[in-house]
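Numbering (this note's numbering), first residue to last: 2 to 375.
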């Protein structure tokens, strides 16, 4: 086995079937050794956790019952090895290479179709901690004290420091994404403490300005979007308003010059997603909650998007928004929310440059903020 800089005393415990059998019975007794029964998605987290510590070894093919552990091996071990290689070849940044990770099979002497897998993981290079990628972004794990834990901001800052060859912008962004992921998880867990939700949204505002890049903007967008899809579950209007305020900061709504640089694919995608969030809030507010303030909040975001798509000549988004306005105006009237329908009509016409006067019976609502205490 290639040493990968791992201690010889560690490698000696996993070099053949007999050594692995003894290891299974004695237990790991070492943070750099992970013993597991089978191949699971968590293997990627374990490998990154070892890499972000001092490196180590994962042994697959052990059985555990009532505190007793023994080596049984994996059935169809050749296929299992292919699964491990495939799993660890994706979803990791920076990716593992043959210099960082070695997978070795030790066949069962009594049944060659079975075997144990040994995954040796080198320590991550200085300044380049390894992240596991999932739908919520980058997750940095650290193996210590017999388990996995998410790396803290301070640990990440220390790991990234001193690597002159890495992209400085990416270093800044990845550390920011970890903090955004933490704040996003906090938003998910908040049930009734709405002031805490607004405070968390306010914390996210610090990531929508330099020195953070486009990927950070998208991470903030996804975090800020979370409360919007919970409005029917009792999230109050002032929290929804704060969430839309945050989303607006991640969008290119100030770049109105038709002759300006074209929008990126990411910017166009976020504009589409903002449209979807706004019309969902208006739908829930009208059809299920009969809440004119919530309709108004979603309508203001639709207005900003329609005005922007008109000025930048974004025909696809423009057409979608006009249709959405017409549908939601009809629904508001069917749901006996006439003042909300009037507000939506005003927002649509104003965005299209028709400069209508604000109707007197709706001037308390149109372009107004949610009153304190609502």
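Heads up, the beta-carbon is just placed ideally off N, CA and C, and yes, glycines get one too. Computed from a predicted model, the values in this text were never measured in an experiment.
Tell me the DSSP bridge mates of residue 362?
DSSP output for residue 362 lists no bridge partner at all.
In chain order, what are the residue ranges of uninterrupted beta strand (DSSP E) at least 3 long that sit wholly in the segment 113–198?
132–135, 138–140, 142–145 and 148–151
Quick check: the segment 261–268 against the segment 279–292, are at least 3 beta-carbon pairs closer than 8 Å?
no
How long is the line joining the alpha carbons of residue 373 and residue 237, rounded to whole angstroms?
Approximately 11 Å between the Cα atoms of the pair.
Does the structure place the segment 95–104 close enough to the segment 145–153 that three or more beta carbon pairs sit under 8 Å?
no
Looking at the structure shown, is residue 280 part of a helix, part of a strand, or coil, going by DSSP?
Under the three-state reduction of DSSP, residue 280 is assigned to helix.
Beta strand (DSSP E) runs contained entirely in the segment 10–44, provided each spans 3 or more residues:
Fully enclosed beta strand (DSSP E) runs of 3 or longer: 34–37.
Inspect the beta-carbon positions of residue 36 and residue 12 and report whether they are closer than 8 Å.
no
Using only the alpha-carbon positions, how far apart do residue 195 and residue 10 sit?
Roughly 54 Å separates the two Cα atoms.
Taking Cβ positions, are residue 227 and residue 182 nearer each other than 8 Å?
no
Report all residues from its chain with a CB closer than 6 Å to the CB of residue 188; omit the five preceding and five following residues, and keep chain order.
Contacts found: 201 and 227.
N- and C-terminal bounds of the beta strand (DSSP E) containing residue 236:
Under the DSSP assignment, residue 236 falls outside any beta strand (DSSP E); it carries neither an H nor an E label.
What is the rounded straight-line gap between the Cα of residue 165 and the Cα of residue 144?
For residue 165, the pLDDT reaches just 42, beneath the cut-off of 50, and the residue's location in the model is therefore unreliable, although a value from the coordinates is still provided. The C-alpha of residue 144 is placed about 26 Å away from the C-alpha of residue 165.
Looking at residue 117 and residue 72, is the spacing between their C-beta atoms short of 8 Å?
yes
What does the Cβ neighbour count give for residue 342, buried or exposed, with the cut at 16 atoms within 10 Å?
buried
Between the Cα of residue 79 and the Cα atoms of 61, 336 and 355, which residue gives the shortest distance?
61
Going by DSSP, which residues form a beta bridge with residue 65?
70
Quick one: give me the first and last residue of the alpha helix (DSSP H) that residue 87 is part of.
78–89
Roughly how many whole angstroms lie between the Cα atoms of residue 271 and residue 242?
18 Å
I need the DSSP call for residue 104, collapsed to helix, strand or coil.
strand
How big is the Cα-Cα spacing for residue 317 and residue 350?
One C-alpha to the other measures close to 18 Å.
With DSSP as the reference, label residue 336 as helix, strand or coil.
coil
Contained beta strand (DSSP E) runs [length at least 3] in the segment 299–336, N- to C-terminal order
Under the rule that a run must span 3 or more residues, no beta strand (DSSP E) segment is found entirely inside the segment 299–336.
Kindly indicate which residue of 47, 113, 49 and 65 has the alpha-carbon position closest to the one of residue 77.
113
Straight-line Cα distance separating residue 252 from residue 299:
15 Å
Which one of 129, 335 and 121 has the shortest CA to CA distance from residue 464?
Any question about residue 464 goes unanswered here, given that the chain covers just 2 to 375.
Best match in 123, 295, 216 and 315 for proximity to residue 267 [C-alpha to C-alpha]:
216
Alpha helix (DSSP H) segment containing residue 222, residue limits
In this chain, the alpha helix (DSSP H) harbouring residue 222 covers 215–226.
Since residue 109 sits in a beta bridge, which residues does DSSP pair it with?
112
Within 10 Å of its beta-carbon, does residue 45 have 16 or more other beta-carbons around it, so buried, or fewer, so exposed?
buried
Euclidean distance between Cα positions of residue 371 and residue 138:
32 Å
Close beta carbons around residue 347, own chain, < 8 Å, minus the five adjacent residues each side
Taking C-beta separations shorter than 8 Å and ignoring five residues to either side along the sequence, the partners of residue 347 in its chain run 357, 359, 360, 363 and 367, following chain order.
C-alpha gap between residue 48 and residue 213, whole angstroms:
29 Å
Of all Cβ atoms in chain C, is any one closer than 8 Å to the Cβ of residue 364?
No chain C appears in the structure shown, which is made up of a single protein chain.
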